[in-house]
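In my numbering, the protein residues as written are 16 to 645. Think of the CB as a built atom: it goes at the ideal place given N, C-alpha and C, for glycine as much as any other residue. Computed from a predicted structure; not experimentally measured. What follows is a single structure, written as structure tokens, with notes after it.
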Amino acid sequence: MGYRDVYDGWKANPEAFWLKAAEGIDWITPPSRALNDSRAPLYEWFTDATVNTCWNAVDRHVEAGRGNTLAIIHESPVTHLRRGITYKDLQKRVASLAGALRAKGVEKGDRVIIYMPMVPEALEAMLACARLGAIHSVVFGGFAANELAVRIDDCTPKAIIAASCGIEPNRIVHYKPLLDAAIDMAAHKPDFCVIFQREQEVAKLIEGRDVAWHTFQYGVEPADCVPVEGNHPAYILYTSGTTGAPKGVVRPTAGHLVALNWTMKAIYDMNPGEVFWAASDVGWVVGHSYICYAPLIAGCTTIVFEGKPVGTPDAGTFWRVIAENKVKSFFTAPTALRAIKRDDPEGEFVKDYNMKTLRTLYLAGERADPDTILWAQKHLNVPVIDHWWQTETGWAIAANPMGIEKLPVKIGSPSVAMPGFDVQVLDEGGHPVSPGTLGAIAVKLPLPPGTLPGLWNAEDRFRKSYLNHFPGYYETGDAGYVDEDGYLYIMARTDDVINVAGHRLSTGGMEEVLASHKDVAECAVIGVADDLKGQSPVGFLCLNRGSNRDPAEVVAECVKLMREKIGPVADFKRAVVVDRLPKTRSGKILRGTMVKIADGTDWKMPATIDDPTILDEITLALQSLGYAKG
Numbered sequence: 016m017g018y019r020d021v022y023d024g025w026k027a028n029p030e031a032f033w034l035k036a037a038e039g040i041d042w043i044t045p046p047s048r049a050l051n052d053s054r055a056p057l058y059e060w061f062t063d064a065t066v067n068t069c070w071n072a073v074d075r076h077v078e079a080g081r082g083n084t085l086a087i088i089h090e091s092p093v094t095h096l097r098r099g100i101t102y103k104d105l106q107k108r109v110a111s112l113a114g115a116l117r118a119k120g121v122e123k124g125d126r127v128i129i130y131m132p133m134v135p136e137a138l139e140a141m142l143a144c145a146r147l148g149a150i151h152s153v154v155f156g157g158f159a160a161n162e163l164a165v166r167i168d169d170c171t172p173k174a175i176i177a178a179s180c181g182i183e184p185n186r187i188v189h190y191k192p193l194l195d196a197a198i199d200m201a202a203h204k205p206d207f208c209v210i211f212q213r214e215q216e217v218a219k220l221i222e223g224r225d226v227a228w229h230t231f232q233y234g235v236e237p238a239d240c241v242p243v244e245g246n247h248p249a250y251i252l253y254t255s256g257t258t259g260a261p262k263g264v265v266r267p268t269a270g271h272l273v274a275l276n277w278t279m280k281a282i283y284d285m286n287p288g289e290v291f292w293a294a295s296d297v298g299w300v301v302g303h304s305y306i307c308y309a310p311l312i313a314g315c316t317t318i319v320f321e322g323k324p325v326g327t328p329d330a331g332t333f334w335r336v337i338a339e340n341k342v343k344s345f346f347t348a349p350t351a352l353r354a355i356k357r358d359d360p361e362g363e364f365v366k367d368y369n370m371k372t373l374r375t376l377y378l379a380g381e382r383a384d385p386d387t388i389l390w391a392q393k394h395l396n397v398p399v400i401d402h403w404w405q406t407e408t409g410w411a412i413a414a415n416p417m418g419i420e421k422l423p424v425k426i427g428s429p430s431v432a433m434p435g436f437d438v439q440v441l442d443e444g445g446h447p448v449s450p451g452t453l454g455a456i457a458v459k460l461p462l463p464p465g466t467l468p469g470l471w472n473a474e475d476r477f478r479k480s481y482l483n484h485f486p487g488y489y490e491t492g493d494a495g496y497v498d499e500d501g502y503l504y505i506m507a508r509t510d511d512v513i514n515v516a517g518h519r520l521s522t523g524g525m526e527e528v529l530a531s532h533k534d535v536a537e538c539a540v541i542g543v544a545d546d547l548k549g550q551s552p553v554g555f556l557c558l559n560r561g562s563n564r565d566p567a568e569v570v571a572e573c574v575k576l577m578r579e580k581i582g583p584v585a586d587f588k589r590a591v592v593v594d595r596l597p598k599t600r601s602g603k604i605l606r607g608t609m610v611k612i613a614d615g616t617d618w619k620m621p622a623t624i625d626d627p628t629i630l631d632e633i634t635l636a637l638q639s640l641g642y643a644k645g
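Spelled out as structure tokens, the structure:
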């Protein structure tokens, strides 16, 4: 069956499609039905089933005789360590940690915050919670104390599992002082904290509250897997809200298992025993879905990478990891490739490694500009597959389903809607628009299994954020269009579609034009307030390493290029060369904050920003153009 057959089959009978997909999961009580629509538009899946995530991710592979297969490979160029953990070892480690948590009173439904770097113990903590039916909430290791405090008060954890430190290329990040400060700030206090002491820094433990990871587990009885209902929350993952208050996205257990298991073959073309690498962080949804859960549920080997695409030690580190670990499918963010491309524009490092096992490169997390895709295609000589999804959905809304049918790649498009997602492009009134017309991207309800059924303790906010604007639809917050072949194009966040003298223009489309300039490594376009035209675009250009071009010349060429490609209607006259762009830790460019700085309106330091000092540089750049006067 090809993609169209599979998609049409789902659309004709969603119930049968998802019950068939559910056969890939080990159930304690199998579901008698897939969709529960009794609380529509708040839909749930497999609610009458009972199941355990940890069993499906770990124990069943050991029971099937695959205990000696590698489950996790830890690649840590920042500590110069590399180690593997088999499924059998992982089972013992997770059962031990779960037993220790249970002995301290953690039970099904209790919340546990995990505050860890990219080490296997982070995955073990997640799986130990799942083993007990406890609900984990992973917060980036090194996240600011006040942001961690907000999350502590929202999900009220019984326990916090943290590491003593994280390791960046040039510094040690001290986690424990941040954790202590967060607990001091928070109104809610955890019963206890488990601290994984790293060699690079041994943290001071607070007597009566803190216990060391290994001491904590000494002499405990290992825990068995606890059955949970299909709609039991597996985890809470906080995503930044427009008001600044984080939104706790809830992931239901059964739908999560079914959807992720289906995607590993259908989208990523992975089989048990093969090596899958998502170069992300467990603090992001990619880390939850495709570092921890999906590869393990599918019986694959997953890589936990503690490093950077450049600087640990060079722009060839990704290719080394792929070659040495025989990676079949590799998943990263376009921003990582752009960083590599900026340091190694001719792809010289690629030639140093034999990557014959690599079959596909997947990109997600932000728009993949055509220039970056073409660079990767040229140097890696494998299909480069953009796909689009969100924290809220947990897996791809649109993708090229490589395990079903390798569809033609259209550069600039994440391809087509996946089964479960009826994607529509709507005008402001909620009416579908014709192919090629820019509009708001929405998904007809119900959303498929594995997507969010709501927000943690915030039903009204869930409805307001996602359901109310277009009744009967989930509002994605992204803008784009669908072409005549059904391929989707994500052009910008809805907020990034700017109105220049009555013309609705996509900043993403403008960025594509700028990125095509031979000297531009990375760029961003924002719309700033304009008394005459409503909004006017401003460009930020990062040049390739080693470029000795006069910045004014490059800007002039980019202005000319924009006029040629989009036309005078874009009103693109102002751009500035900068060394860096402000980004989140996952690589998303903080365009909204840049707009507020430019317009002189009040703004708040984004909680997820990677390096706050960059905003000072952006402010100076905007001032040089006559903005940021407020």
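- Secondary structure at MET131: coil, using DSSP grouped into helix, strand and coil.
- Between the C-alpha atoms of PRO416 and VAL342 there is a straight-line separation of about 19 Å.
- Here the region 367-379 makes contact with the region 391-405; the two share three or more CB pairs at distances below 8 Å.
- When Cβ pairs closer than 8 Å are counted between the two stretches, the region 99-107 is seen not to touch the region 184-200, the count staying below three.
- Here SER152 is buried: its Cβ has 16 or more other Cβ atoms, across all protein chains shown, within 10 Å.
- In summary, HIS229 is exposed, with fewer than 16 beta-carbon neighbours lying within 10 Å of its beta-carbon over all protein chains present.
- Contact between the region 60-68 and the region 136-149 is established, with three or more Cβ pairs separated by less than 8 Å.
- Counting of Cβ neighbours within 10 angstroms places TYR233 among the exposed residues, the total staying below 16.
- The region 362-425 contains, as complete alpha helix (DSSP H) runs of 4+ residues, the segments 385-395 (chain order).
- Beta bridge pairing from DSSP links SER91 with LEU96.
- Contact annotation: PRO434 and TYR130 have beta-carbon atoms that are not nearer than 8 Å.
- Judged by beta-carbon spacing, HIS189 lies beyond the 8 Å limit of LEU252, meaning their Cβ atoms are not closer than that value.
- Membership of PHE345 in the beta strand (DSSP E) is indicated by the continuous run 342-347.
- Distance from the CA atom of GLY124 to the CA atom of PRO248, rounded to whole angstroms, is 8 Å.
- Selection SER531, PRO205, ALA79, VAL569 evaluated against ALA313 yields ALA79 as nearest (Cα-Cα).
- When the five nearest sequence neighbours on each side are left out, the beta carbons in the same chain lying within less than 6 Å of the beta carbon of ILE412 are those of TRP403, TRP404, PHE436, in order along the chain.
- Within the same chain, and ignoring the five residues on either side of LEU34 in sequence, the residues whose Cβ sits closer than 8 Å to its Cβ are PRO46, ARG48, ALA49.
- In this structure, the straight-line span from the alpha carbon of PRO552 to that of TYR496 is close to 21 Å.
- Of VAL154, VAL290, HIS203, ARG213, the smallest CA-CA separation from ASP168 is found for HIS203.
- Judged by DSSP in its simplified three-state form, TYR496 adopts strand.
- By the Cβ-count criterion, ARG19 is exposed, with fewer than 16 other Cβ atoms from all chains shown falling within 10 Å of its own Cβ.
- In this model, TYR502 and ALA160 are separated by some 43 Å (Cα to Cα).
- Distance between PRO583 and TYR102, taken at the CA atoms: about 60 Å.
- A straight line joining the alpha-carbon of LYS356 with that of THR350 spans about 10 Å.
- Between THR317 and PHE291, the CB-CB gap stays under 8 Å.
- Per DSSP, the unbroken alpha helix (DSSP H) holding HIS271 starts and ends at 268-281.
- Contact check for GLY270 and PRO56: beta-carbon distance about 16 Å, past the 8 Å limit, so the pair fails to qualify.
- Looking at the DSSP output, ALA49 bridges to nothing.
- In the displayed model, THR44 falls within a strand according to three-state DSSP.
- By the criterion of a C-beta distance shorter than 7 Å, PRO429 is surrounded in its chain by ASP401, HIS402, TRP403, ALA413, ALA414, LEU503, ILE505, once the five residues flanking it on both sides are discounted.
- Pairwise C-beta distances place the region 317-337 in contact with the region 82-91, as three or more of them are shorter than 8 Å.
- Buried is the label assigned to ASP74, since at least 16 other Cβ atoms lie within 10 Å of its Cβ.
- Every alpha helix (DSSP H) stretch that sits fully inside the region 212-238 and reaches 4 residues is listed by chain position as 228-232.
- Every alpha helix (DSSP H) stretch that sits fully inside the region 536-609 and reaches 4 residues is listed by chain position as 566-580.
- Under the three-state reduction of DSSP output, HIS189 falls in the strand class.
- Within 10 angstroms of the beta-carbon of ASN483 lie fewer than 16 other beta-carbons, which makes it exposed.
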